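Peer 1:
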Amino acid sequence: MSRARVGVAVLTMGTRPAELGALLDSVAAQDLPATRIVVVSNGAALSELPPGVTGVELPENLGVAGGRNVAMERLREFGDVDVLVDLDDDGLLIEPDVFSRVSAMYDADPELGIVSFRIADETGFTQRRHVPRIGRTDPMRGGQVTTFLGGGHALSMRMLERVGGWPDDFFFTHEETDLAWRALDDGWKILYAPELVLQHPRTAPTRHGVYYRMTARNRVWLAKRNLPALLVPLYLGSWTALTLARTRSGSGLRAWFGGFAEGVRTPCGERRPMRWSTVWLMARLGRPPVV
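Using my numbering, the first residue of the sequence shown is number 167, and each one after it goes up by one.
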């Protein structure tokens, strides 16, 4: 019986050659070899890659969304990949059976669109923001969810053919949620599988200087692109309230509201509001699209 063929995509900016090398070694150590491995360098020269790894050097930084679309298209051109696995360049696969488990999951369920890995640091700790559920839930509890983690995940190539790839203009932040919502609305399942671990250094999202502006702008674009009109003000209102409650930085709040205004006044791509049945599904799964 044939198995779902796994292709790997890694996005890098050329600043972590040692970490990238370690990640590729962990990919090579998998008990089910990847059919293809593509490394995309976002606006930087690539260091030497291991044999069998395809490198793509982009002349400019296209962001997470744009760079991953380039990797996706390159894997699609090969024509021999059923499941795309995206991995952060400073991550590490600590178990050798990740790809074989992923392949078996997709073989068992033709409606499976996305599998979200668990992100854990060197001690095995998973940060709260890396659990794709609301509230203080157990990071070891798997099951169907409404979004997924960007650092480590698997995507059905059949699903991507139907719903499209990443939203290029987002650059980074919320691109996973945009793809997840479109996948759910097309009838695909999203599974959080905590047994699939990507080891990753513990970080804070606000380490990026433009985080506040991009997260606000893209939050508005996300709502404008995907939500029924009635839910747009509810979704954006709830996130504005949460931001005011959580943010202690005055400069961060100014950047956030600047990004929010940018999102309101600028185009966000084609609007395709999800069906109300999808809204209800998300509510049943514990995360209606108003929070």
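Idealized CB from N, CA, C, for every residue including glycine. Small disclaimer: the values here were computed from a predicted structure and weren't measured.
#1: Leaving out the 5 sequence neighbours to the left and right, which residues in its chain are closer than 8 Å to Ser192 when beta-carbon positions are compared?
#2: For the alpha helix (DSSP H) containing Ser443, list its first residue and its last residue.
#3: Assign Leu350 to buried or exposed, taking buried as 16 or more other Cβ atoms, counted over all protein chains shown, within 10 Å of its Cβ.
#4: Under 8 Å, do Arg234 and Asp252 count as touching if we go by C-beta distance?
#5: Ser282 by DSSP, collapsed to three states: which one?
#6: Measure the CB-CB distance between Glu277 and Gly353 and report whether it falls below 8 Å.
#7: On the premise that Trp347 lies in contact with Met440, defined as a C-beta separation below 8 Å, what is that separation, rounded to the nearest angstrom?
#8: Assess, as a yes-or-no matter, whether the stretch 173 to 192 is touched by the stretch 288 to 296 under the definition of 3 or more beta carbon pairs within less than 8 Å.
#9: Starting from Val386 and walking both ways along the alpha helix (DSSP H), at which residues does that stretch end?
#10: Leaving aside the five residues before and after Ala382 along the sequence, list all residues of the same chain whose C-beta is less than 6 Å from its C-beta, in chain order.
#11: To the nearest angstrom, how far is it from the Cα of Pro454 to the Cα of Val445?
#12: Counting C-beta neighbours from all protein chains within 10 Å, is the total for Val174 16 or more, i.e. buried, or is it exposed?
#13: Which whole-angstrom value is the C-beta distance of Leu364 and Ile285, which I expect to be below 8 Å?
#14: Along the chain, which unbroken stretches of the beta strand (DSSP E) at least 3 residues long are found entirely within the stretch 203 to 230?
#15: Does DSSP classify Thr369 as helix, strand or coil?
#16: Taking the beta strand (DSSP E) that Ala175 falls in, what are its first and last residues?
#17: Figure out for me which residue from Phe314, His319 and Leu241 has the closest Cα to the Cα of Arg267.
#18: Could you tell me which of Ser269, Ser213, Phe283 and Ser168 sits nearest to Ala184, measuring between CA atoms?
#19: Please name the residue, chosen from Thr303, Leu224 and Gln196, that lies closest to Gly452 on a Cα-to-Cα basis.
Peer 2: Taking the definition as stated:
#1: In the sequence shown, residue 192 corresponds to position 26, counting from 1. Answer for Ser192: Leu258, Leu259 and Ile260, listed in chain order.
#2: For this step, residue 443 is matched to residue 277 along the sequence shown. Element bounds for Ser443: Trp442 to Arg450.
#3: Numbered from its first residue, the sequence shown carries residue 350 at position 184. With 16 or more other Cβ atoms inside 10 Å of its own Cβ, Leu350 counts as buried.
#4: As a first step, residue 234 is located in the sequence shown; it is residue number 68 there, counting from the start. As a first step, residue 252 is located in the sequence shown; it is residue number 86 there, counting from the start. Between Arg234 and Asp252, the C-beta gap is smaller than 8 Å, which places the two residues in contact.
#5: Within the sequence shown, numbered from 1, the residue matching residue 282 stands at position 116. Looking at Ser282 - three-state DSSP - the assignment turns out to be strand.
#6: Mapped onto the sequence shown, residue 277 falls at position 111. Mapped onto the sequence shown, residue 353 falls at position 187. Contact: yes.
#7: Position 274 of the sequence shown, counted from the start, is the residue given in the question as residue 440. Position 181 of the sequence shown, counted from the start, is the residue given in the question as residue 347. Indeed they touch by this definition, with Cβ atoms about 6 Å apart.
#8: Between the stretch 288 to 296 and the stretch 173 to 192 there are fewer than three inter-stretch CB-CB distances shorter than 8 Å, so the stretches are not counted as touching.
#9: Counted from its first residue, the sequence shown places residue 386 at position 220. For Val386, the enclosing alpha helix (DSSP H) has its first and last residue at Tyr377 to Asn392.
#10: Within the sequence shown, numbered from 1, the residue matching residue 382 stands at position 216. Trp422, Gly425 and Phe426.
#11: Reading the sequence shown from its first residue, position 288 is the one you call residue 454. Reading the sequence shown from its first residue, position 279 is the one you call residue 445. Each residue's alpha carbon lies about 6 Å from the other.
#12: Taking the sequence shown and counting its residues from 1, one reaches residue 174 at position 8. Classification for Val174: buried.
#13: Numbered from 1 along the sequence shown, position 198 holds the residue referred to as residue 364. Numbered from 1 along the sequence shown, position 119 holds the residue referred to as residue 285. The C-beta distance from Leu364 to Ile285 rounds to 6 Å, short enough to meet the 8 Å contact threshold.
#14: Segments of the beta strand (DSSP E) lying fully in the stretch 203 to 230: 219 to 224.
#15: As a position in the sequence shown, residue 369 is number 203, starting the count at 1. DSSP, read as helix, strand or coil, puts Thr369 in coil.
#16: What you label residue 175 is simply residue 9 of the sequence shown in a count that begins at 1. Segment Val172 to Thr178, the beta strand (DSSP E) holding Ala175.
#17: As a first step, residue 267 must be located in the sequence shown, where it is residue number 101. Ranking the options by Cα distance to Arg267, first place goes to His319.
#18: Reading the sequence shown from its first residue, position 18 is the one you call residue 184. For the residues Ser269, Ser213, Phe283 and Ser168, the minimum Cα distance to Ala184 belongs to Ser213.
#19: If you number the sequence shown from 1, residue 452 lands on position 286. Looking only at Thr303, Leu224 and Gln196, the smallest Cα-Cα distance to Gly452 is reached by Thr303.
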